[in-house]
């Protein structure tokens, strides 16, 4: 590279200002849902169905976790897990309505309200919802202390790791307004490292916490399972997912579970219309 080219390259580099300013149009496809302040932007109450558990969500990877969890509980015979699910259209800013902010001040899906308690209990953050439901019903979380701890290890691993996959790799690979090698390389390396962590663990374990399917699997599968199955970011070839044979075995096993097939459709509003389920109020809804 000549000195003139080096000079031009340096001059084209972004130089952060002393004080950051919000440019609303800068940010790609999802720029409209991001803002640097919290709180409601408009008054709008949330709908409420007949069941004690009220889910307000969208079928993103984080949203799928709770739909799958509730369908798994129902499959186990927990009738108290019957629920109503309402779509939060994040593209239209539903997460910033007063009703949603009241149950999740962080304005992120999913959020759950349990009306079976003396005072309604709000639960937000997908990992917290999975843990709340597992403890409420005594299901899908091992009882033995060592296995329980292992399940929680992997639950919290997912909560800490997935932002590198979604907000990092997924954003720069799929959604950023322009392709930039440095962030794509940086987050690709980390996602492949995470896949290798999973692959090495699953080489010796049927599920994330050993031989017992749990909330750890339910948390991880919509992100990393769907990634290796080619259902996330259209990045399977780029990431060479076929090399993670143990993750693929685990992902395919979970994908065949009837409750997973149902749960991932809850609040689905895109793709194959036959699979979409914008609201869910009973098991009959899946057949209509």
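In my numbering, the protein residues as written are 267 to 554. Every residue, glycine too, gets a C-beta built ideally from N, C-alpha and C.
Whether residue i touches residue j by CB criterion (8 Å)
{"i": "residue 501", "j": "residue 439", "result": "yes"}
{"i": "residue 332", "j": "residue 386", "result": "no"}
{"i": "residue 301", "j": "residue 363", "result": "no"}
{"i": "residue 347", "j": "residue 403", "result": "yes"}
{"i": "residue 400", "j": "residue 406", "result": "yes"}
{"i": "residue 495", "j": "residue 521", "result": "yes"}
{"i": "residue 337", "j": "residue 529", "result": "yes"}
{"i": "residue 436", "j": "residue 499", "result": "yes"}
{"i": "residue 532", "j": "residue 546", "result": "yes"}
{"i": "residue 541", "j": "residue 534", "result": "yes"}
Helix, strand or coil at residue i [DSSP, three-state]
{"i": "residue 464", "result": "helix"}
{"i": "residue 511", "result": "helix"}
{"i": "residue 491", "result": "helix"}
{"i": "residue 417", "result": "helix"}
{"i": "residue 437", "result": "helix"}
{"i": "residue 477", "result": "coil"}
{"i": "residue 482", "result": "helix"}
{"i": "residue 214", "result": "With the chain covering only 267 through 554, there is no way to say anything about residue 214."}
{"i": "residue 532", "result": "strand"}
{"i": "residue 285", "result": "coil"}
{"i": "residue 498", "result": "coil"}
{"i": "residue 431", "result": "helix"}
{"i": "residue 384", "result": "coil"}
{"i": "residue 546", "result": "strand"}
Endpoints, the alpha helix (DSSP H) within which residue i is located
{"i": "residue 528", "result": "524-529"}
{"i": "residue 363", "result": "Counting along the chain, residue 363 falls outside any alpha helix (DSSP H), and DSSP gives it neither H nor E."}
{"i": "residue 339", "result": "327-341"}
Supposed contact pair residue j and residue i - C-beta distance, whole angstroms, cut 8 Å
{"i": "residue 367", "j": "residue 305", "result": "6 Å"}
{"i": "residue 475", "j": "residue 469", "result": "No, residue 475 and residue 469 are not in contact; Cβ-Cβ is about 15 Å, not under 8 Å."}
{"i": "residue 430", "j": "residue 389", "result": "Not confirmed; about 25 Å, so no contact."}
{"i": "residue 378", "j": "residue 319", "result": "7 Å"}
{"i": "residue 551", "j": "residue 543", "result": "6 Å"}
{"i": "residue 397", "j": "residue 335", "result": "About 10 Å; that fails the 8 Å criterion."}
{"i": "residue 310", "j": "residue 365", "result": "6 Å"}
{"i": "residue 349", "j": "residue 317", "result": "5 Å"}
{"i": "residue 299", "j": "residue 359", "result": "7 Å"}
{"i": "residue 408", "j": "residue 478", "result": "5 Å"}
Unbroken beta strand (DSSP E) run spanning residue i, endpoints
{"i": "residue 403", "result": "Per DSSP, residue 403 belongs to no beta strand (DSSP E); it is in the alpha helix (DSSP H), 392-403."}
{"i": "residue 312", "result": "Segment: none, residue 312 is in no beta strand (DSSP E) and carries neither H nor E."}
{"i": "residue 377", "result": "377-380"}
{"i": "residue 505", "result": "Residue 505 -> not in any beta strand (DSSP E); alpha helix (DSSP H) instead, spanning 502-505."}
{"i": "residue 353", "result": "349-353"}
{"i": "residue 470", "result": "Careful: residue 470 lies outside any beta strand (DSSP E) and carries neither H nor E."}
{"i": "residue 637", "result": "This structure leaves residue 637 out entirely; the chain is present only between 267 and 554."}
Worksheet item: Is it a yes or a no for the stretch 347-367 touching the stretch 416-423, going by three-plus beta-carbon pairs under 8 Å?
Response: These segments do not touch.
Worksheet item: Between the stretch 455-471 and the stretch 421-435, do at least 3 Cβ pairs fall closer than 8 Å?
Response: Yes, they touch.
Worksheet item: Does the stretch 318-327 come close enough to the stretch 505-513 to have 3 or more Cβ pairs within less than 8 Å?
Response: Touching, no, given that fewer than three Cβ pairs across the two stretches are closer than 8 Å.
Worksheet item: Does the stretch 514-532 come within contact of the stretch 445-453, defined as at least 3 CB pairs closer than 8 Å?
Response: No, because fewer than three Cβ pairs between the stretch 514-532 and the stretch 445-453 fall closer than 8 Å, the two stretches do not touch.
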